[in-house]
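First the structure, in the form of C-alpha cells, and then the observations on it.
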Amino acid sequence: METVDYGLETKFARLEDGLSVGDGSVIEGYASLFDTTDRGGDVVQSGAYGRSLKALSDAGRRVKMLWQHDPAQPIGVWDEIREDAKGLYVRGRILDAVEKGREAKALIEAGAIDGLSIGYRTIRATKNEQGLRLLSEVELWEVSLVTFPMLPQARLGASRASGTKGDLLSELATVFETARRNLAAREPR
33 METVDYGLET KFARLEDGLS VGDGSVIEGY ASLFDTTDRG GDVVQSGAYG RSLKALSDAG
93 RRVKMLWQHD PAQPIGVWDE IREDAKGLYV RGRILDAVEK GREAKALIEA GAIDGLSIGY
153 RTIRATKNEQ GLRLLSEVEL WEVSLVTFPM LPQARLGASR ASGTKGDLLS ELATVFETAR
213 RNLAAREPR
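In the working numbering, the protein residues as written are 33 to 221.
So, in C-alpha cells, the structure goes:
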C-alpha cells in the first residue's frame with residue numbers, strides 16, 4: 033500500500049434529516065457518511081476518524097467550526113463529534129456574537145445553506161478496482177458550514193420536503209457520474 037500526502041482536502045456533504053438549528057444556535061447532523069461515494073470518487077470507511085478524534089481529545093483540542101472552509105472565519109464550536117454506524121456525527125453551537133455566525137444561522141433557518149464539509153488530511157487510502165479512493169484513516173481538521181455539498185445523498189430534511197424534482201435530478205446525476213467513472217476505470221489506457 034502506497035501512502036500519498038494529499039495535504040488539506042475537503043469533502044462536502046448535504047445534510048440529511050440530522051442537521052437542524054434549535055435551542056438558540058445549536059446545530060447537529062452528519063458531516064460525513066460512511067461507505068458512500070462522493071462526487072470526487074472517494075469513499076470514507078467506518079473508523080477513518082477514530083485515531084484523529086482520540087488524538088485531538090488527548091491533546092485537549094477541538095475540531096474547528098468554520099464558514100466555507102475559511103480559517104479566518106470561525107463561526108462556532110463543535111461540542112460533540114463522534115463516529116457511529118452511519119458516519120461522522122457533529123453537534124455544536126453557532127456563536128451569535130460573531131457576525132458570520134449570525135449570518136450562517138439565518139441562512140440555515142431560511143434553507144439557503146444545507147451543507148457540511150470536512151477539512152482533513154488523508155493518512156491512509158487505497159484504490160479499488162472501480163478507481164474509487166477508499167479513505168481508511170484521515171486527520172480531521174475542521175467541519176465547515178457550506179453552500180455546495182459533495183455528498184448529494186445526505187439531505188437537510190427538517191426544513192425541506194424530500195422527494196422533490198431537484199432531489200431526484202441530483203440523485204440521477206450522481207448515478208450517471210458514478211457509472212461514467214466506473215466505465216472509465218475499466219477502459220485500457
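All C-beta atoms in this analysis are idealised placements derived from N, C-alpha and C, irrespective of residue type, glycine included.
Query: Tell me which residue opens and which closes the beta strand (DSSP E) that residue 84 is part of.; Result: No beta strand (DSSP E) contains residue 84, which is instead part of the alpha helix (DSSP H) from 82-90.
Query: Could you tell me the alpha carbon to alpha carbon distance between residue 76 and residue 92, rounded to whole angstroms?; Result: 25 Å
Query: Leaving out five residues before and five after residue 150 in sequence, what residues of the same chain have Cβ atoms less than 6 Å from its Cβ?; Result: 43, 63, 64 and 175
Query: So, helix, strand or coil for residue 143, using DSSP?; Result: coil
Query: Can you check whether the CB of residue 129 is closer than 8 Å to the CB of residue 177?; Result: no
Query: Among residues of its own chain, excluding the 5 on either side of residue 97, which ones have a beta-carbon nearer than 8 Å to its beta-carbon?; Result: 106, 107, 108, 109, 110, 124, 126, 174, 175, 176 and 177
Query: Kindly list the residues whose CB is nearer than 7 Å to the CB of residue 83, restricted to its own chain and excluding five residues on each side of it in sequence; keep chain order.; Result: 169
Query: Assign residue 129 to one of three DSSP states: helix, strand, or coil.; Result: coil
Query: Return the CA-CA distance between residue 78 and residue 159, expressed in angstroms with no decimal places.; Result: 16 Å
Query: What do you get for residue 180, buried or exposed, if any count of 16 or more other CB atoms within 10 angstroms of its CB means buried?; Result: exposed
Query: Is the beta carbon of residue 71 less than 8 Å from the beta carbon of residue 182?; Result: yes
Query: Taking C-alpha atoms, which residue in 148, 153, 86 and 171 lies nearest to residue 122?; Result: 148
Query: If distances are taken between C-alpha atoms only, which option among 155, 114, 165 and 132 comes closest to residue 61?; Result: 114
Query: Check whether the Cβ atoms of residue 172 and residue 85 sit closer than 8 Å, and answer yes or no.; Result: yes
Query: By the DSSP assignment, the beta strand (DSSP E) with residue 97 in it spans what residues?; Result: 96-99
Query: Would you grab the beta carbon distance between residue 59 and residue 140 for me? Rounded to a whole angstrom, and I think it's under 8 Å.; Result: 7 Å
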